[in-house]
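In the working numbering, the protein residues as written are 103 to 365.
Below, the structure is given as structure tokens:
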């Protein structure tokens with residue numbers, strides 16, 4: 103039997119067992135919705151809130167705005183699994199995102215097109231980057247759950263259209279160029295609330311619209327290995343202080359693994 107790391111390296115993603123109980127999921131969802139309403143229990147605002155019609159909302163770096171969401175993003179179990187899958191000695195938070203998809207919205211605006219996370223992370227010198235997705239709903243094709251192109255982590259970086267442009271990822275025209283000798287193998291895992299998936303920064307992934315009667319809520323946690331360095335300036339003004347050659351370190355990039363010791 104293959105180890106989790108071997109599966110991850112072969113397929114480009116890994117599905118973990120349930121890490122959060124339904125009671126915990128319900129509490130996280132309450133705070134998730136509070137942030138969407140503009141209620142921030144830390145007194146700090148998230149980095150950005152993007153709305154795509156009435157079908158999709160994306161909130162960036164909510165860890166700074168809500169204490170419960172911060173505990174999820176900083177959960178040492180998630181970081182430990184991610185470090186094991188990458189074979190990394192250290193992991194730091196690159197960013198987090200909340201994704202909310204409205205129920206019964208079979209529209210283009212509810213689609214996240216096929217993309218690789220690394221295409222958005224050009225300032226990082228390392229490819230040892232990984233994303234965890236905490237599902238707060240039953241994820242499947244009906245509810246617009248995340249899809250993975252199995253084995254695409256081995257294709258290298260392939261540039262494509264903007265993931266949030268509404269490009270249809272369900273048909274041939276929405277897929278990226280595939281290297282010679284490779285084939286497209288699409289997987290949409292069925293997940294229970296509280297389960298967490300992990301995928302490499304080169305793994306193509308996307309999601310369709312939410313046809314179910316319940317909102318889709320998920321938290322993505324993007325992580326970078328400790329050997330990463332800044333290789334080009336950030337476009338984001340809030341990260342302008344990060345200089346070329348700098349490692350990604352607190353306070354802008356909190357350490358996730360090994361967890362900080364409390365003195």
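For every residue, glycine included, the Cβ atom is placed at its ideal position computed from N, Cα and C.
| Item | Value |
| --- | --- |
| Considering only the alpha carbon of each residue, which of 154, 340 and 299 lies closest to residue 114? | 299 |
| Quick test of your reading: residue 109 and residue 293, contact by CB under 8 Å. State the CB separation rounded to the nearest angstrom. | The pair is not a contact, with the Cβ atoms about 16 Å apart (cut-off 8 Å). |
| Any heavy atom of the ligand HEM inside 7 Å of the beta-carbon of residue 171? | Judged by which ligands are present, the structure shown has none, so any question about the ligand HEM falls away. |
| Can you tell me where the alpha helix (DSSP H) with residue 110 in it begins and where it stops? | 106–113 |
| Report the CB separation of residue 327 from residue 197 in whole angstroms; it is logged as a contact under 8 Å. | Not really, about 15 Å apart at Cβ, beyond 8 Å. |
| Which of the three DSSP states, helix, strand or coil, is assigned to residue 165? | helix |
| Identify the continuous alpha helix (DSSP H) that holds residue 133 and give its terminal residues. | 124–138 |
| Distance, Cα to Cα, residue 276 vs residue 150? | 27 Å |
| Whole-angstrom Cβ separation of residue 204 and residue 215, contact assumed at under 8 Å? | 18 Å between Cβ atoms; not a contact. |
| Please go through the same chain and pick out, in chain order, the residues whose beta-carbon is closer than 8 Å to the beta-carbon of residue 228, but skip the five residues on each side of it. | 326, 327, 329, 330 and 331 |
| Suppose you measure from the CA of residue 168 to the CA of residue 140; what does that come to, to the nearest Å? | 11 Å |
| Buried or exposed: which applies to residue 343, given that a residue is buried once 16 or more other Cβ atoms fall within 10 Å of its Cβ? | exposed |
| What does DSSP give as the partner residue(s) for residue 152 in the beta ladder? | 160 |
| State yes or no: is the C-beta of residue 324 within less than 8 Å of the C-beta of residue 248? | no |
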